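Chemist: Residue numbers (the numbering used here), protein chains in the order written: chain A, 390 to 748; chain B, 390 to 748; chain C, 390 to 748; chain D, 390 to 748.
In this text, a Cβ means the ideal position worked out from N, Cα and C, and glycines have one as well.
Keep in mind it's a predicted model, so treat the numbers as computed, not measured.
1. Three Cβ pairs or more, each shorter than 8 Å: is that satisfied between the stretch 510-518 of chain B and the stretch 407-421 of chain B?
2. Give a yes or no on whether the minimum CB-CB distance between residue 633 (chain C) and chain D is below 8 Å.
3. Apply the 10 Å Cβ neighbour rule to residue 623 (chain D) and answer buried if 16 or more other Cβ atoms are within range, or exposed otherwise.
4. In three-state terms, what does DSSP make of residue 524 (chain A)?
5. Hey, could you find the ends of the beta strand (DSSP E) residue 742 (chain D) is sitting in?
6. If you measure from the beta carbon of residue 707 (chain A) to each beta carbon in chain B, is any gap under 8 Å?
7. Could you check if residue 487 (chain B) is buried or exposed, using at least 16 other CB atoms within 10 Å of its CB as the buried criterion?
8. So is residue 738 (chain D) buried or exposed if we call it buried at 16+ other beta carbons inside 10 Å?
9. Going by DSSP, name the residue or residues bridged to residue 547 (chain D).
10. Can you tell me where the beta strand (DSSP E) with residue 657 (chain C) in it begins and where it stops?
11. Among the residues of its own chain, which have a CB less than 6 Å from the CB of residue 445 (chain D), if the five just before and after it don't count?
12. Identify the continuous alpha helix (DSSP H) that holds residue 588 (chain A) and give its terminal residues.
13. For the stretch 734-747 of chain B, enumerate the residues whose C-beta is nearer than 8 Å to any C-beta of chain C, in chain order.
14. Would you tell me roughly how many angstroms separate the C-alpha atoms of residue 546 (chain B) and residue 742 (chain D), rounded to the nearest one?
15. How big is the Cα-Cα spacing for residue 728 (chain B) and residue 573 (chain D)?
16. Would you list, in chain order, the members of the stretch 442-470 of chain B that have their beta-carbon closer than 9 Å to a beta-carbon of chain D?
17. For residue 417 (chain C), go through chain B and note every residue whose CB falls closer than 7 Å to its CB, in chain order.
18. Rounded to the nearest angstrom, how far is the Cβ of residue 525 (chain B) from that of residue 682 (chain B), given a contact under 8 Å?
19. May I ask you to list the residues that DSSP assigns as paired with residue 707 (chain A)?
20. Do you know offhand how far residue 630 (chain B)'s Cα is from residue 657 (chain D)'s?
21. Which runs of the alpha helix (DSSP H) fall wholly inside the stretch 612-644 of chain D and span at least 4 residues, in chain order?
22. Note the first and the last residue of the continuous beta strand (DSSP E) segment covering residue 416 (chain C).
23. Counting only beta-carbon atoms, is residue 576 (chain A) nearer than 8 Å to chain D?
24. Any beta-carbon of chain C closer than 8 Å to the one on residue 689 (chain D)?
25. Here's a check: name, in chain order, each residue in its chain whose Cβ is nearer than 6 Å to the Cβ of residue 596 (chain C), leaving out the five neighbours to either side.
26. Check for me: the alpha helix (DSSP H) holding residue 435 (chain A) runs from which residue to which?
27. Please identify, using Cβ separations under 7 Å, the residues of the stretch 419-434 of chain D that lie next to chain A, in order along the chain.
28. Give me the subset of the stretch 531-542 of chain A whose CB atoms are less than 8 Å from a CB atom of chain D, sorted by chain position.
29. Can you name the residues that DSSP bridges to residue 604 (chain D)?
30. Report the rounded CA-to-CA distance for residue 638 (chain C) versus residue 558 (chain C), giving the unit in angstroms.
31. Less than 8 Å between the C-beta atoms of residue 612 (chain B) and residue 390 (chain A), yes or no?
32. Locate the alpha helix (DSSP H) running through residue 498 (chain C), then write down its first and last residues.
33. Can you name the residues that DSSP bridges to residue 470 (chain D)?
34. Is it right to say residue 456 (chain B) is buried, meaning 16 or more other beta carbons lie within 10 angstroms of its own, or is it exposed?
35. For chain B, is any of its Cβ atoms less than 8 Å away from the one on residue 646 (chain A)?
36. In three-state terms, what does DSSP make of residue 404 (chain C)?
As structure tokens, then:
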């Protein structure tokens, strides 16, 4: 198991869907950052189920407690342990899951790997695991904003075939939070919400794309050859549940251009270098170039559908399974704070690494 | 700088385009594997420039030497140092590069990060850096084949708009190596070669997609929550020069399906579990499920074009640059062994990690 | 800050003397190990203050809770979070510490490093920090015993000038636990207890030596050249508060012998190799050789004395300080479970690492 | 195998006694440090055999080559590969070693761990392995001196029962290099040399103590709770061949004092804090306090003696072995540059880590 992320700003997450709770230990946070639960709770509120009619109705208040690492409202430079108690434990709602593997879930692979699994609520494979990431990411985001002037945000760019209009350089957080689907394009947002509601009524699910953005990153962050900034972003995103793809800047679409068309010309003005286009997505050779970083993450439709499906049981007999209980028709609105958290975690780690070698 | 990849089977690469050479130290290789230069050289031959009319004409034989870690033709369990001397050093061919940043290259970002750069041939940012990866990957691939029965391969799936027909479960290495573009679909291959030649004559470049495949991976490899198998693959691929995107299984296309359509039903036969479709790409919850692993990597068109482009010089003055010398119109044929190498490195590391915790 | 120890079996500890508590996240524990709080609590009871008249009277029950990582009494292979709530928080007892640096404590260096410190109770520099280590070590110790047949124990070998007779190959846990100073030589133990009591009455403190032992370690554990088994043990021991030295096998005394006298001759019997002496301390070339591993750790006298001492305040003015409140005249009895825990953590990590590369 | 040391300034060493050579890759070195072979060679000359009549007569010039990582005499921030070719390869001199395990050497444990070993010259277990450490350490030492004003040195403090007079705060490099035993006390040095020569004539060996010193380390370096500065020093020293013990400051002797006697009182002068004694050895709570860091390392007598000894062969039959060929009666003079190198590597890594979190 690998539950630690980052080199200098490191998070270690823990916790299952059922049990004593979920949480995170943040190690390496610089000292003397003002930090209370109030800095973290809003991000958890954006992540939690039950926040709107289009996401999972699981009832958890997800109240965070700082168990260590601060003193008189400031970080000490020691590990910060954040804890969110589990509340809505209804193992009985999952009893069939004890014996049957949900298709396209991790039930079977966990059983194959470990020979044991916490079946209630999916245990560690539940999206609840991301509570720790979002909590840790909230600290990273605050540091980035206050000490480096870097702004991180994400939004829903596409739900199935509905594509939002959004300019990574311009999108504002207020526009993202203006609707429950977290899409800054109000027209697309309305269509997305309708599609998700229709999908939920059908007991089915839809996927889509979240776009992540970082503005104000100075030139120089990123550690070639293996810990290129985009490589660490890709890993961070593909470590999120249900993600299936990552592309930065021009991405897969960029392959339709030639080199002449694709290259971003450099220009200088007032002693500063910039590029007149940004197909590179703000990163060249694995290192930030000072332009806006933007990338897209594909999330498959949630695997839990309210319909009968073929599967096998734990004795490897063929059977069928029909999910009961909570139904999350579209993970995207809740994936937005997850993408932001992971982006912030990657960036702050690289900020510190750059400072260490070249500071 | 971060030049080490892997946790238990680790490679550390080193070397610039010009200077004493390029190489790799492989640490953690199990002992008693038969290994000589003959196991590594063929992979380097597939990676090196000058191997065909459609790739860079740089003349290097790229002859590998094992400096340590073997005895009487077998690995010792100690670090294996592999060295490839540099031969074709013509710094004068690059003299303009000393003063001007090539657009969409890493010249500017290295200068911004380090305040110094080895401009001849691009230094560490040259694709020559991947020699060490391919050499280390050759050892990983041999181990996977001999000790785990796992087969890794990659091929060119798309060049600009030309898409090959290829079934990840069926493609054979012989079909891939049957043509200079390394595309197993002969008709598409012929069209791709024509396109690349035409592009070269125009002094321009094209990009495309390499598909990577791993067959025979048993259920259980992968380390959630952060080192999911697909997360480590994504990082590995995005650490390759010129890569802009990664998708696994259904990838970005999968978002057009609903959950019902996307899920892979489980079935059992003869005490073994399998899925009747494979949109998951062989990985569920970050852990291999025993099906074929397949993914795609987008490579942008090579940035070095033989045409004049806007750029700035090291004094941040606006200027233009027209590349001289060698011209690599399409990186894809040479990217194939790179993708294979990185895939093998990820898989062998996960094989050992799984063995450590659950073996 | 570096609060993670180990590569494959990893602990991350957190918590200050005052605040929400102290704890540990154990990552990499193999699945399906029977584990409840009852496996951990006894070790914490041996570590906690207030257990006898010769240690610190701080009143804490140190009750451990498993927050994650187990299901139905077995480990899941997922991270195990253990939490011990803080109880005896009396910040007022420490108010002078807010303004003055205790001599030979970490108050000054934490302030110098972080520009902030949690002064009540010493914050993270309190020996309370070792709760997480001992809790994590209890799991490691159980794994070593049940899966590898390895027995780890430690005992007080020396208090100031009083040296115990003890044979590392023979000492039994019962003899160690038979008295409050945790010395298996009853005569020496009685003298040690008298010395410690006398020292306490004088408001002073004494140090000494803890000997650590591991029996049943098979040949082959240890990872040269840097993670030699003795190197990792040395680091583990020197990471304990108040430790000033480490020696293995013949240690510092061995330098008085010549090579002829010092070498351990090999002999074979029944297809097994052994040595007829064990000045190597069970490790040769950084790798266990199958003999008993034994080493000694020097602990300085506790820095908190009940007498007036010269020091400076946070404004760098000269002043004096006289500690108030709890007085721990000798850390050694409580250091015994700490040494055992760290030994077990080093060994289980190396067991898994060996299994990964050579298994 | 674990052949990488350090977190931010990392060395990866490689190479066997026989084969293509030995070397090191240094990753994380800050850019723009002036560096040529001339900065490294002198340290290798101090480490190599054959430099005086009292050390191993193996004939190697140990000429270092920089293969990568510099440009026009300056570091690039990219990995620096240093290579020293093997020259004096006389495998026949070791042929008996192919079949017999040398007592108190690593022959048996390597065979037990890996099932294979490079027996000529001891392969990776040869002291020749430390070439890479000393080469990498030379760069670390230069950085410490030029960028941080920190001076690192070591010297022979004791050979068997002969103890040198030396004040860690005062010893000068010139005094250390003034004699072939590298002991700054001329009277003791003369006696040591006589003892070593007598021992060599007897075909035997002697051990002793090297004292390591770092002056000018600012307050704040060290990463509790696990990577305390003394913990990393202890690991570094115990990773050196033949080392058996480590103690810092008052060390094992400090246990004879009471807390009152042992504590280092703080005083302030001119806005700076210092201690009036230094039993802490310059480190408190794992963090440097600005005083001189000093510690001692015990090295056992070299295991290779020119006399017949009991041992077993590779078929686990009892036999005897009498070493032939080169005889190194005392490792201490050559251990001095090794201790310096490892000390410098620990310190520079901590300098960068401190800069990252608290810079």
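Modeler: The short version:
1. yes
2. In the third chain, counting from the first residue as 1, residue 633 (chain C) sits at position 244. Chain D contact via Cβ: present.
3. The sequence position of residue 623 (chain D) within the fourth chain is 234, counting from 1. The Cβ neighbour count for residue 623 (chain D), taken over all protein chains shown within 10 Å, is at least 16; the residue is labelled buried.
4. Stepping through the first chain from its first residue, residue 524 (chain A) is reached at position 135. Residue 524 (chain A) falls in the helix class under three-state DSSP.
5. Reading the fourth chain from its first residue, position 353 is the one you call residue 742 (chain D). That residue, residue 742 (chain D), is in no beta strand (DSSP E); its alpha helix (DSSP H) goes 721-747.
6. Your numbering for residue 707 (chain A) matches position 318 in the first chain. Interface residue, yes.
7. Your numbering for residue 487 (chain B) matches position 98 in the second chain. That one is exposed.
8. Taking the first residue of the fourth chain as position 1, residue 738 (chain D) is located at position 349. The residue is buried, with at least 16 neighbouring Cβ atoms inside 10 Å.
9. Taking the fourth chain and counting its residues from 1, the one referred to as residue 547 (chain D) is at position 158. Residue pairing from DSSP places residue 547 (chain D) in a beta bridge opposite D:552 and D:598.
10. Working through the third chain from its first residue, we reach residue 657 (chain C) at position 268. That run of the beta strand (DSSP E) goes 655-658.
11. Taking the fourth chain and counting its residues from 1, one reaches residue 445 (chain D) at position 56. Within the same chain, residue 445 (chain D) has close Cβ partners 438, 715 and 717.
12. Here residue 588 (chain A) corresponds to residue number 199 of the first chain, with the count starting at 1. DSSP places residue 588 (chain A) inside the alpha helix (DSSP H), whose first and last residues are 575-590.
13. 741, 742, 744, 745, 746 and 747
14. Start at 1 with the first residue of the second chain, and residue 546 (chain B) comes out as number 157. Start at 1 with the first residue of the fourth chain, and residue 742 (chain D) comes out as number 353. Taking the straight line joining both Cα atoms gives about 44 Å.
15. Locating residue 728 (chain B) in the second chain gives position 339, where the first residue counts as 1. Locating residue 573 (chain D) in the fourth chain gives position 184, where the first residue counts as 1. Rounded to whole angstroms, residue 728 (chain B) to residue 573 (chain D) spans 57 Å at the Cα level.
16. 454, 455, 456, 457, 458, 459, 460, 461, 463, 464, 465, 466, 467, 468, 469 and 470
17. The residue given as residue 417 (chain C) occupies position 28 in the third chain. Those are 746, listed as they occur along chain B.
18. Locating residue 525 (chain B) in the second chain gives position 136, counting from the first residue. Locating residue 682 (chain B) in the second chain gives position 293, counting from the first residue. Between residue 682 (chain B) and residue 525 (chain B) the Cβ distance is about 20 Å, and since that is not below 8 Å, they are no contact.
19. Indexing the first chain from 1 puts residue 707 (chain A) at position 318. Its beta-bridge partners are A:701.
20. The count along the second chain starts at 1 and reaches residue 630 (chain B) at position 241. The count along the fourth chain starts at 1 and reaches residue 657 (chain D) at position 268. Between the alpha carbons of residue 630 (chain B) and residue 657 (chain D) lies a distance of about 55 Å.
21. 618-627
22. Numbered from its first residue, the third chain carries residue 416 (chain C) at position 27. Residues 411-416.
23. Here residue 576 (chain A) is taken as the residue at index 187 of the first chain, counted from 1. By this cut-off, residue 576 (chain A) is not an interface position.
24. Locating residue 689 (chain D) in the fourth chain gives position 300, where the first residue counts as 1. Interface residue, yes.
25. For the purposes of this step, residue 596 (chain C) is taken as the residue at position 207 of the third chain. The answer, listed in chain order, is 688, 689 and 690.
26. Position 46 of the first chain, counting from 1, holds the residue named residue 435 (chain A). It spans 426-436 - the alpha helix (DSSP H) in which residue 435 (chain A) sits, taken as one unbroken run.
27. 419 and 420
28. none
29. Here residue 604 (chain D) refers to the residue found at position 215 of the fourth chain. Per DSSP, D:540.
30. Taking the third chain and counting its residues from 1, one reaches residue 638 (chain C) at position 249. Taking the third chain and counting its residues from 1, one reaches residue 558 (chain C) at position 169. Distance between the alpha carbons of residue 638 (chain C) and residue 558 (chain C) is about 12 Å.
31. As a working note, residue 612 (chain B) is residue 223 in the second chain. As a working note, residue 390 (chain A) is residue 1 in the first chain. Yes.
32. Translated into positions along the third chain, residue 498 (chain C) becomes position 109. From DSSP, the alpha helix (DSSP H) with residue 498 (chain C) extends over 496-503.
33. Stepping through the fourth chain from its first residue, residue 470 (chain D) is reached at position 81. Residue 470 (chain D) pairs with D:414.
34. As a position in the second chain, residue 456 (chain B) is number 67, starting the count at 1. Per the 10 Å Cβ criterion, buried.
35. Mapped onto the first chain, residue 646 (chain A) falls at position 257. Closer than 8 Å to some Cβ of chain B, the Cβ of residue 646 (chain A) qualifies, so yes.
36. By 1-based counting over the third chain, the position of residue 404 (chain C) is 15. DSSP places residue 404 (chain C) in strand when its eight states are reduced to three.
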